[in-house]
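Just so we're aligned: the sequence shown equals residues 178 to 329 in the working numbering. All residues carry an ideal CB built from backbone N, CA and C; glycine is no exception. Worksheet: the structure to be examined is printed underneath.
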Amino acid sequence: MLFQGDLIMKPDKKRFAYLAYECDLLSIQKVVNDMCLESVVHLNTYTPVFENQSINEVSSVDVSADSPKGFLRGVATEKYIYALYSGQIGKNKPIANEVYVFDWEGRAVKKVILDRWGVCISVDSNDERLCLMTKETDGGEERYHYYCYQLN
Numbered sequence: 178m179l180f181q182g183d184l185i186m187k188p189d190k191k192r193f194a195y196l197a198y199e200c201d202l203l204s205i206q207k208v209v210n211d212m213c214l215e216s217v218v219h220l221n222t223y224t225p226v227f228e229n230q231s232i233n234e235v236s237s238v239d240v241s242a243d244s245p246k247g248f249l250r251g252v253a254t255e256k257y258i259y260a261l262y263s264g265q266i267g268k269n270k271p272i273a274n275e276v277y278v279f280d281w282e283g284r285a286v287k288k289v290i291l292d293r294w295g296v297c298i299s300v301d302s303n304d305e306r307l308c309l310m311t312k313e314t315d316g317g318e319e320r321y322h323y324y325c326y327q328l329n
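Right, here's the structure in full:
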């Protein structure tokens, strides 16, 4: 699926953000009423590189291995959107050590560079601690480790 990603909701349920896996797309929507949404911001600096996978009369495209991976995971708090960003090309695509922090208007607040590469993040509701999950494969066995970081 081309534009799969994380759809995360602000705790007050008045806004949500979409973060794409295959590019750096961030889209924030405001819930106006139960049936209506209003776009707050749509940020995107690159689109995925595609490869033609068509066979005979069946048209198909896939994301190229040369295309940088986008956001791996997103976390929402009342104040911020935390986005674990990969930007990697090749075999290390599904890991990241960069966390971009945005406010709910889409403004960049800060960029956090972690000392480890991980696959998933979580942040406490007070925006004080970030937890990173790492994954190691050793002889076919997968091991997961968790590391916590102070954000302030």
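{"Check": "For S299, the residue or residues it bridges with in DSSP", "Outcome": "C308"}
{"Check": "Contacting residues, own chain, Cβ-Cβ under 7 angstroms from C200 (five flanking each side not counted)", "Outcome": "N221, Y223, T224, P225, G247"}
{"Check": "Environment of F193 [buried if 16+ CB atoms lie within 10 Å]", "Outcome": "buried"}
{"Check": "Bridge partner(s) assigned by DSSP for F279", "Outcome": "I258, A285"}
{"Check": "Among Q327, N329, Y324, M186, nearest to T254 - alpha-carbon criterion", "Outcome": "M186"}
{"Check": "Complete beta strand (DSSP E) runs within the region 198-275 (minimum length 3 residues, chain order)", "Outcome": "203-210, 213-220, 227-229, 238-240, 248-253, 257-262"}
{"Check": "Counterpart residues of D315 in DSSP-defined beta bridges", "Outcome": "E318"}
{"Check": "For K207 and V235, the rounded distance between their alpha carbons", "Outcome": "38 angstroms"}
{"Check": "Straight-line Cα distance separating L307 from Y326", "Outcome": "5 angstroms"}
{"Check": "Same chain, Cβ closer than 6 angstroms to L261, neighbours up to 5 away in sequence not counted", "Outcome": "L249, R250, A273, V276, I298"}
{"Check": "Beta-carbon separation (whole angstroms), E282 vs V218, contact threshold 8 angstroms", "Outcome": "7 angstroms"}
{"Check": "Other residues of its chain near V289: CB distance less than 6 angstroms, five sequence neighbours each side excluded", "Outcome": "V276"}
{"Check": "Classification of F279 by the beta-carbon crowding that lies within 10 angstroms, buried from 16 upward", "Outcome": "buried"}
{"Check": "Beta-carbon proximity list for E319, same chain, < 8 angstroms, skipping 5 on both sides", "Outcome": "K312, E313"}
{"Check": "For D304 and K256, believed in contact at Cβ under 8 angstroms, the rounded distance", "Outcome": "6 angstroms"}
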